[in-house]
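Below: the structure, in structure tokens.
Protein chains: 2
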Amino acid sequence: MSHLEEETIGSKTIFQGKVVHLVVDDVRLPNGKTAKREIVKHPGAVAIIAVTENNKVLLVRQYRKPLDKIIFEIPAGKLEKNENPDDSALRELEEETGYRCEKLEHLVSFYTSPGFSDELLHVYYTDTLIKGSQHLDPDEFLEVAEAGLDEALQMIQDRRIYDSKTVYAVQYLQMLALRKQLENE
Amino acid sequence: MSHLEEETIGSKTIFQGKVVHLVVDDVRLPNGKTAKREIVKHPGAVAIIAVTENNKVLLVRQYRKPLDKIIFEIPAGKLEKNENPDDSALRELEEETGYRCEKLEHLVSFYTSPGFSDELLHVYYTDTLIKGSQHLDPDEFLEVAEAGLDEALQMIQDRRIYDSKTVYAVQYLQMLALRKQLENE
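Residue numbers (the numbering used here), protein chains in the order written: chain A, 7 to 191; chain L, 7 to 191.
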């Protein structure tokens, strides 16, 4: 065991919900003392940076209860049980936006809040969209929108775009635009 | 009320921990039906993209119990009660890395997991580091490291960098490098 690791000496499940489970572990610290760790277990999720033929990014406008705010996010959703992230990304893209795609590239996967949760988010990119049909979950209410890069940057300033995956996505598009500029010089 | 919003009709606190609180709300959906929303309340946090005079980014190597993994992250930490994010960023930078700084720029703030948590992360940038002294919390065990841009990109590939704020930070540095290249052409 590394000198940084913590040893689990006890574990208690506090709550098992539809989205998250809450577990509190007792751990032995590297210095021999004990501490409690609060852990929010999550099935993992996918998000898709989807660019239209007019070079706009697809967004969904959605009310988020934890924030009590309506914000614009890239399409995303939780993994279903035993679902492969690639399949999940294709499914969520079509369910939420009504678009399918020809090619979907996995960009990166990251833990959203490693201090207290194991939620792992898989991020994808596509610019090969094809019209399909939207079919939302019964308790899902959202509107599809589009934004060009300048508009999306403004939306970050205005806090209409306000979450990590979408801020990451806009920065990714900013980087693609800079690369294109460099190629053309 | 917008046609996307949900009305709270009940709320139950399940758990009040040191880091998170768990609340389950009953809501009325836009279609009149009811649903439960699981909400992880968090005090908010800060993270600092800190670049040394040798153009390397400061990282902390740390065990994360929720992941059961040791990963490299940019310095970060929770807001203390009534603490201003700017003050928190200066405090966390010095506590974790032993560096102070002359100028600290707020880049962006984002919700890390808007689907189930209200954790808001404030991200800062500095390249004006001054040696101070590290002083960790009693139950905090971490090692300070540095990485150049190419190395940091490799660390994302190797999943040694594996969390949203640090992946965002590396992409930010990638963007700065591209801008510099454009200026020099």
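We put the beta carbon where it would ideally sit given N, CA and C, even for glycine.
Would you kindly work out how many angstroms separate the C-alpha atoms of lysine 87 of chain L and aspartate 124 of chain A, rounded to a whole number?
Those two C-alpha atoms are separated by around 25 angstroms.
Report the start-end ranges of each alpha helix (DSSP H) in the stretch 85 to 113 of chain L that is 4 residues or longer and not cut off at the edges.
Counting whole runs of 4 or more residues, the stretch 85 to 113 of chain L contains the alpha helix (DSSP H) stretches 91 to 103.
Going along the chain, which residues of its own chain have a beta-carbon closer than 7 angstroms to the beta-carbon of histidine 141 of chain A, five neighbours each way excluded?
Correct list, in chain order: Glu101.
Taking glutamine 180 of chain A as part of the alpha helix (DSSP H), name the residues at either end of that continuous run.
Unbroken alpha helix (DSSP H) run through glutamine 180 of chain A: 170 to 190.
Using alpha carbons as the reference points, say which of A:Glu111, A:Val33, A:Leu113, A:Val52 lies closest to glutamate 98 of chain A.
Minimum Cα distance to glutamate 98 of chain A is reached at A:Val52.
Pick from L:Val176, L:Lys75, L:Thr118: whose alpha carbon is nearest that of tyrosine 159 of chain L?
For clarity, residue 159 of chain L is leucine in the given sequence; the question names tyrosine instead. Comparing Cα positions, the closest option is L:Val176.
When burial is assigned at 16 or more other CB atoms within 10 Å of the CB, is glycine 38 of chain A buried or exposed?
Classification for glycine 38 of chain A: exposed.
For glutamate 189 of chain L and threonine 103 of chain L, what's the separation of their Cα atoms in angstroms?
Straight-line Cα distance between these residues: approximately 32 angstroms.
With C-beta atoms as the reference, is glycine 154 of chain L less than 7 angstroms away from tyrosine 105 of chain L?
No, they are not a contact pair.
Which chain L residues are close to tyrosine 130 of chain A, counting only those with a beta carbon under 9 angstroms from its beta carbon?
The premise fails here: tyrosine 130 of chain A is roughly 14 angstroms from chain L at the closest Cβ pair, so nothing lies under 9 angstroms.
By a C-beta neighbour count over all protein chains shown, 10 Å radius and 16 as the cutoff for buried, is glutamate 59 of chain A buried or exposed?
Exposed, since its Cβ has fewer than 16 Cβ neighbours within 10 Å.
Would the beta-carbon of glutamate 79 of chain A fall within 7 angstroms of that of aspartate 169 of chain A?
A contact, by the Cβ cut-off of 7 angstroms.
Considering glutamate 149 of chain A, what are the terminal residues of the alpha helix (DSSP H) in which it resides?
Where glutamate 149 of chain A is concerned, there is no enclosing alpha helix (DSSP H), although the beta strand (DSSP E) it sits in stretches over 148 to 153.
Measure from the C-beta of methionine 181 of chain L to each C-beta in chain A and report whether the shortest distance is under 7 angstroms.
Closer than 7 angstroms to some Cβ of chain A, the Cβ of methionine 181 of chain L qualifies, so yes.
Whose CA, out of A:Arg67, A:Leu10, A:Arg185, A:Met181, lies closest to the CA of leucine 148 of chain A?
The option with the nearest alpha carbon to leucine 148 of chain A is A:Arg67.
One question on the structure: do lysine 84 of chain A and proline 49 of chain A come within less than 7 angstroms of each other, judged by their Cβ atoms?
Yes, the pair counts as a contact, with Cβ atoms nearer than the cut-off.
Exposed or buried, what is glutamate 12 of chain A when buried is set at 16 or more other beta-carbons lying within 10 Å of its beta-carbon?
So glutamate 12 of chain A ends up on the buried side.
Note down, in chain order, every chain L residue with its Cβ under 8 angstroms from the Cβ of serine 2 of chain A.
Limits of chain A in this structure are 7 at one end and 191 at the other, which puts residue 2 of chain A out of reach.
Can you tell me whether glutamate 44 of chain L is helix, strand or coil according to DSSP?
Glutamate 44 of chain L: strand per DSSP, three-state reduction.
Under 9 angstroms, CB to CB, which of the residues in the stretch 41 to 64 of chain A have a partner in chain L?
Per Cβ criterion, the list reads Ala41, Lys42, Arg43, Glu44, Ile45, Val46, Lys47, His48, Ala51.
Between which two residues does the beta strand (DSSP E) carrying glutamine 22 of chain A extend?
13 to 22 is the extent of the beta strand (DSSP E) around glutamine 22 of chain A.
For histidine 27 of chain L, which residues does DSSP report across the bridge?
Paired residues: L:Gln22, L:Lys47.
If I measure Cβ to Cβ from alanine 151 of chain L and keep anything under 8 angstroms in the same chain, skipping five residues before and after, which residues do I get?
Closer than 8 angstroms at the Cβ level, and outside the excluded window around alanine 151 of chain L, lie Leu64, Leu65, Val66, Arg67, Phe78.
Between the C-alpha atoms of arginine 185 of chain L and leucine 184 of chain A, what's the straight-line distance to the nearest angstrom?
Computed Cα separation, rounded: 7 angstroms.
Just tell me which of L:Ser115, L:Phe122, L:Leu96, L:Gly23 has its CA closest to the CA of proline 72 of chain A.
For proline 72 of chain A, the nearest C-alpha among the options comes from L:Phe122.
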